[in-house]
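Report on one structure; see the data block that follows.
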């Protein structure tokens, strides 16, 4: 595609500053997410977990049945294992967003490299990136801030950024990868 006769419109990047102790911030260069980023994550095995189901029961503990006589199931979104898996999913997506956005910064180099192949599993890769960010003393607020700035640069509307943040950081907690 050409716009005004040119194939490439130039690099879209911005500098951001993470506040650090002592007043001197960490300057980073970020880029927007590429088109199809979310689909690429799904192709690499990173999908939101589904809540477990449980049988709906009446006040006497008997299973509820529908018009066909089949048991009625409810999503159990309060299940501890599900909530932990959901938090870990959000953490992984946030870390992958930050790693993708930081590709624009020539001073940033991650030791972890994405696995090869279209159907490769990126969960372990995301966990390795998280460990690298943690070792570099990044904080939860840093991750949130970078996700916001990368989202803005990616032309996500403020409402979409807020929705994404809620999905990435449920209850404001993250789950460790130990």
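Residue numbers (our numbering): -19 to 158. All C-beta atoms in this analysis are idealised placements derived from N, C-alpha and C, irrespective of residue type, glycine included.
Query                                                                              : Result
Cα-Cα separation between residue -5 and residue 62, rounded to whole angstroms     : 37 Å
Buried versus exposed, by CB contacts within 10 Å (16 or more), residue 35         : exposed
CA-to-CA distance, residue 59 to residue 77, given in whole angstroms              : 27 Å
Beta-ladder partner(s) of residue -4, from DSSP                                    : 8
Among 49, 81, 108, 53, nearest to residue 133 - alpha-carbon criterion             : 81
The region 86 to 106 in contact with the region 16 to 28 per 3-pair CB rule at 8 Å : yes
Residue 68 and residue 92 closer than 8 Å at C-beta                                : no
Nearest-angstrom Cα separation, counted from residue 42 out to residue 107         : 43 Å
Endpoints, the alpha helix (DSSP H) within which residue 63 is located             : 60 to 81
beta-carbon residue 126 near the ligand GTP non-hydrogen atom, thresh 7 Å          : The ligand GTP is not part of this structure, which contains no ligands at all.
Secondary structure of residue 84, DSSP reduced to three states                    : helix
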